[in-house]
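Numbering (the numbering used here), first residue to last: 117 to 614.
Beta carbons: idealized from backbone N, C-alpha and C, even for Gly.
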């Protein structure tokens with residue numbers, strides 16, 4: 117009897133498995149034959165490839181196709197290579213792909229309410245409220261607080277890049293909150309643990325992402341209770357320490373005072389319903405989630421991006437000198453005063469940031485979820501509600517069809533003439549309505565820190581560093597794959613702040 121039940125269960129599973137793997141077949145989308153149950157995702161499950169590497173591996177095989185399909189276990193995923201289709205998904209037909217796929221955020225965690233994880237009109241209403249934080253005038257106020265509370269201090273000698281940058285980023289993000297961090301090491305470690313996973317945690321993440329109901333029944337969570345509690349307490353502590361002049365605090369208190377988030381009009385409605393008003397309760401958890409979003413982005417994504425940038429400056433002495441000369445000239449024009457306008461004028465340094473993020477994007481791919489049935493323009497392919505779409509950003513950014521010598525660090529390629537050729541082939545901050553909200557702040561922070569460093573010191577790679585350093589993604593975001601030590605040699609301080 118038991119043998120018969122096992123036989124029936126096996127047959128039913130095989131039938132179910134084959135039905136699941138017909139998704140792309142019946143739509144005429146090119147794909148490799150999947151492995152039973154695992155689809156194409158076995159290398160990720162075994163830890164041989166990170167998801168970004170997995171998508172890039174398939175991109176290299178099928179980059180001449182406008183799109184192709186893969187299966188993450190039983191879940192169908194469409195990988196989009198064609199730049200015109202990328203534009204449709206991210207911008208032109210955004211309302212059909214407005215959501216990020218449900219990932220592994222715990223439903224009962226306030227982190228589920230970060231802007232990154234919000235969906236539909238609640239995301240739209242929240243983002244609309246937060247956007248004014250990043251105007252040019254607000255960036256100048258933020259810079260003033262950095263100068264007062266978080267001006268980076270460098271000393272001659274040898275430092276490990278990422279450790280120093282993490283410390284600076286902790287000070288900068290705290291200054292944005294108008295607060296001070298007493299234990300920066302513990303603070304940075306908290307952020308690190310949130311987004312970097314051990315091999316065991318990697319397996320748990322696979323289970324959480326692809327089998328969420330089973331994970332829920334077993335009590336499995338992305339953020340263990342200790343870590344979730346610590347992060348929540350840290351966020352509350354920063355908010356309670358906000359000075360009265362903190363724009364973030366003022367904005368969140370204003371929303372809390374109103375008690376609701378309101379949104380009206382076709383420009384804000386995901387579905388384009390003119391005149392439809394949406395009202396959402398402004399709960400403490402929702403507002404705490406927005407504060408946590410700034411904390412995550414500032415402590416991990418921005419600091420790792422800046423680590424790669426400083427590494428490239430240390431490796432490329434000629435580029436470093438050009439950045440230094442540009443920054444010194446700008447400071448001479450302002451008589452040594454750092455202003456947002458002056459930082460914005462550092463065009464060559466911006467080229468360097470663009471080039472560094474092209475090569476070392478901490479977000480190797482973008483993903484979207486279809487919010488309505490959709491026909492891919494110029495094709496007969498029907499995308500169904502809930503289908504996952506992936507845009508392999510790092511693959512596009514290192515494709516020789518779009519960038520000559522794609523693995524070389526060449527900031528000059530970002531001149532205006534060249535930049536016009538690169539629409540939708542540079543996506544480290546995303547594109548369209550869901551582009552990174554804090555991009556302006558991240559650019560300002562990176563340009564200020566690097567310009568200040570290079571106007572005071574010459575930097576070079578220490579002999580202790582195993583070269584070349586690379587890029588690794590074991591969690592949510594990418595980072596340097598090894599400790600990188602640099603030597604700092606003082607050349608004089610031209611960056612006096614007021």
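A check of alpha carbon separations from residue 318 across 254, 578, 160 and 171 identifies 160 as the nearest. Around the beta carbon of residue 156, a 10 Å sphere encloses 16 or more other beta carbons of the protein chains shown; the residue is thus reported as buried. In the DSSP assignment, residue 498 forms a beta bridge with 491. If the five residues before and after residue 438 are omitted, its C-beta is found closer than 7 angstroms to the C-beta atoms of 464, all from its own chain and listed in chain order.
When secondary structure is reduced to three states using DSSP, residue 321 falls in the helix class.
Taking a cut-off of 8 angstroms on C-beta distances, the stretch 269-288 touches the stretch 565-579, as three or more cross pairs fall below it. Listed as beta-bridge partners of residue 470 by DSSP are no residues whatsoever. Uninterrupted alpha helix (DSSP H) stretches at least 4 residues long and entirely within the stretch 380-462 occur at 400-412, 418-431, 433-449 and 456-460, given in chain order.
In this structure, the straight-line span from the alpha carbon of residue 507 to that of residue 544 is close to 11 angstroms. Counting along the chain, the unbroken alpha helix (DSSP H) around residue 159 starts and ends at 158-161. Beyond the five residues adjoining it in sequence on each side, residue 548 comes within less than 8 angstroms, by CB distance, of 206, 207 and 210 in the same chain, given in chain order. Look at the beta carbons and you see the stretch 397-416 touching the stretch 287-297: at least three pairs across the two are nearer than 8 angstroms. Between the stretch 441-460 and the stretch 250-257, the count of C-beta pairs closer than 8 angstroms reaches three or more; the two stretches touch. In this structure, the CA atom of residue 247 is about 7 angstroms from the CA atom of residue 553.
For residue 263, the uninterrupted alpha helix (DSSP H) segment begins and ends at 252-265. In this chain, the alpha helix (DSSP H) harbouring residue 510 covers 509-513.
With a beta-carbon spacing of about 18 angstroms, residue 145 and residue 199 fall beyond the 8 angstroms limit used to define contacts.
Out of 521, 477, 497 and 331, the CA that lies nearest to the CA of residue 595 is found in 477. A contact is defined here as three or more CB-CB pairs under 8 angstroms, and the stretch 418-436 meets this definition with respect to the stretch 550-565. Runs of beta strand (DSSP E) with 3 or more residues, each lying fully within the stretch 520-589, are found at 573-577, listed in chain order.
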